[in-house]
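Using full-length UniProt numbering, the first residue of the sequence shown is number 1, and each one after it goes up by one.
Glycine included, C-beta positions come from ideal geometry on N, C-alpha and C.
Here's the structure we're looking at; comments come further down.
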Amino acid sequence: MCQNEGHAVLGRCEELLTTQDIEVCTPQHVVYCVNVEAINNLRGLVPGQVFETNTDPSQSSAKGRGLTKAEAGTETSFTVTTRDSKGSQCYYEQDQLTVIICSQKGEEEETKINDCKNGTYVMRYKPKSVGLRDISVEVNGQPLTGSPWRVQATGHQYKAIHSFGSRGTGPGQFKRPGSIAVNKRNGKIAIADPDNHRVHLFDRECKYLRTIGDKGLDAERINSPLSVEFTTSDEVIIIHGELMKLSKMFLFTEQGNFIKAIGQHLIFPRSVSVRDDGHMIVCDWADNSVKVLSPDGTELEQSFKGPHSKVFNNEGLYLYDIGYKEPCDVQVISLEFTIDAFNSLIVCNTRDERLHLFSLDGKFVYTFNIEEI
């Protein structure tokens with residue numbers, strides 16, 4: 001061994017002698033825990049089975065009004081017919097029929113399937129709101145010819161079923177009926193009549209009961225009621241104004257007794273509504289804001305702003321405009337609006353004295369007036 005090689009060996013030995021001990025980590029023990037209950041449940045399940053059927057999805061078909069037309073809140077239907085490869089109607093109890101109806105937001109509609117036991121199936125559904133629906137129909141995992149179908153659910157077509165009241169100044173008579181509210185609990189109806197300086201109260205059968213706000217001390221009387229609403233505890237909220245003065249918001253019992261004024265956080269209230277949780281939502285013209293008050297009206301819990309007809313979520317976040325610059329030339333100057341049972345927005349347009357129907361995403365649907373319904 002040469003001298004250089006000897007030095008190299010000695011150097012390597014010294015390096016090994018001075019090296020620190022290597023720490024060896026002992027791993028924790030891993031244990032697989034068996035879910036005995038789940039295994040026992042799975043033992044009783046059959047993942048699937050093979051069955052024979054003459055049903056040919058390519059020959060089967062679907063037809064009916066529900067594949068071409070639909071109306072929000074109104075049940076519609078279509079029929080699926082199963083056939084064999086020769087085109088003859090056939091029925092096999094094991095056939096799997098799948099129907100999925102979705103909105104553009106991915107929300108599924110509830111469907112009802114009536115198996116007629118002869119190769120025909122009646123499918124029924126009721127669109128919850130206005131908008132496009134995609135209808136997919138499969139037989140034994142295969143789509144039918146034409147599936148999916150796209151259907152436009154139109155707005156509910158309103159029809160007049162009853163009218164009450166007449167023009168005048170007597171009990172139950174109107175000069176200029178404006179805001180209207182319905183008590184969800186007992187069906188009573190309150191109607192603001194600014195030119196008669198009072199609010200009329202009717203029962204659920206439209207029978208006149210009494211007036212509110214035209215009795216008592218001067219400080220407890222209303223002048224020109226602008227907006228009316230029921231609280232969740234059956235009191236009546238009335239916003240009223242006087243010429244050249246800021247409006248006020250009063251609270252009455254259904255019997256017409258004055259309870260209190262609500263105005264600590266309001267400047268010029270114009271319209272009021274009450275959420276299901278009792279919170280009051282007030283439009284304040286003075287500062288172009290929407291204010292959310294506590295159920296007793298004493299606390300301001302939220303305030304947000306926006307001109308024109310704007311949509312906000314329940315946290316006050318702005319979403320979009322409605323009726324400001326519509327492509328269909330519908331421009332709205334609105335004092336009153338509501339959301340109906342079919343999730344459509346009905347707007348009372350003071351510009352043309354008509355009612356406009358919008359979807360909740362701000363799209364114009366149609367216009368109607370009293371003569372049309």
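The straight-line gap separating the alpha-carbon atoms of Thr338 and Gln94 is approximately 48 Å.
The three-state secondary structure of Glu108, taken from DSSP, is strand. Residue Ile238 holds the alpha-carbon nearest to the alpha-carbon of Thr253 among Asn114, Ile238, Ser247 and Gly263.
Non-local C-beta neighbours of Ser60 in its own chain, meaning closer than 6 Å and more than five positions away in sequence, comprise Thr82, Arg83, Val139 and Leu144, ordered along the chain. Within the UniProt repeat "Filamin" (52-153), the runs of beta strand (DSSP E) that reach at least 3 residues and sit entirely inside it are, in chain order, 61-63, 76-81, 97-103, 111-115, 120-125 and 131-139. Leaving aside the five residues that flank Ser136 on each side, the residues in its chain whose CB is nearer than 6 Å to its CB run, in chain order, Ile100, Ser147 and Pro148.
The beta carbon of Ser289 is closer than 6 Å to those of Ser303 and Lys305 in its chain, skipping five residues each way along the sequence.
Glu229: member of the beta strand (DSSP E) spanning Ser224 to Phe230, first to last residue. In chain order, Asp193, Pro194 and Asp195 place their CB closer than 7 Å to the CB of Arg176, counting only its own chain and leaving out the 5 sequence neighbours on each side. Taking 7 Å as the cut-off, the Cβ atoms of Asp284 and Leu266 count as close. For Ala38, the enclosing alpha helix (DSSP H) starts and ends at Val36 to Arg43. Scanning Asn118, Thr154, Gly178 and Lys363 for the CA closest to the CA of Glu229 turns up Gly178. In this structure, Glu235 keeps its C-beta atom at 7 Å or more from the C-beta atom of Leu209. Here the alpha carbons of Ile281 and Leu300 stand approximately 10 Å from one another. Listed as beta-bridge partners of Arg167 by DSSP are Phe174.
Scanning its chain for C-beta atoms nearer than 6 Å, with the 5 sequence neighbours on each side dropped, one finds around Gly216 the residues Phe258, in chain order. For the pair Asp287 and Gln96, the Cα-to-Cα distance works out to about 60 Å. In the DSSP assignment, Glu220 falls outside any beta strand (DSSP E), carrying neither H nor E. Excluding sequence positions up to five before and after Lys69, its CB lies less than 6 Å from no other CB in the same chain.
If you look at Asp193, you'll find it in the beta strand (DSSP E) that goes Ile189 to Asp193. By the neighbour-count definition (other C-beta atoms within 10 Å, threshold 16), Thr55 is a buried residue.
Spatial neighbours of Gly172 in its own chain (CB-CB distance under 7 Å, excluding positions within 5 residues in sequence) are listed in chain order as Gly165, His200 and Tyr208. Counting along the chain, no beta strand (DSSP E) covers Pro295, and no H or E run does either.
Secondary structure of Leu10 (DSSP, three-state): helix. With fewer than 16 other Cβ atoms from the protein chains shown falling within 10 Å of its own Cβ, Asn41 counts as exposed. Here the alpha carbons of His197 and Asp214 stand approximately 7 Å from one another.
In this structure, the alpha-carbon of Val122 lies about 29 Å from that of Asp340. Under a 10 Å Cβ-count criterion, Gly131 is classified as buried, with 16 or more other Cβ atoms of the shown protein chains found around its own Cβ. For the options Val151, Gly155, His162 and Thr232, the alpha carbon positioned closest to that of Lys363 is the one of Gly155. Listed as beta-bridge partners of Phe304 by DSSP are Val290. Taking C-beta separations shorter than 6 Å and ignoring five residues to either side along the sequence, the partners of Thr367 in its chain run Arg354 and His356, following chain order.
Straight-line measurement puts the Cα of Glu110 at about 13 Å from the Cα of Ser129.
Counting only residues of its own chain and dropping the five nearest sequence neighbours on each side, Gly106 has no CB closer than 7 Å to any other CB. Taking the Cα of Cys116 as reference, the smallest distance to any Cα among Arg133, Tyr91 and Cys102 is reached at Tyr91. Where His200 is concerned, the enclosing beta strand (DSSP E) starts and stops at Arg198 to Phe202.
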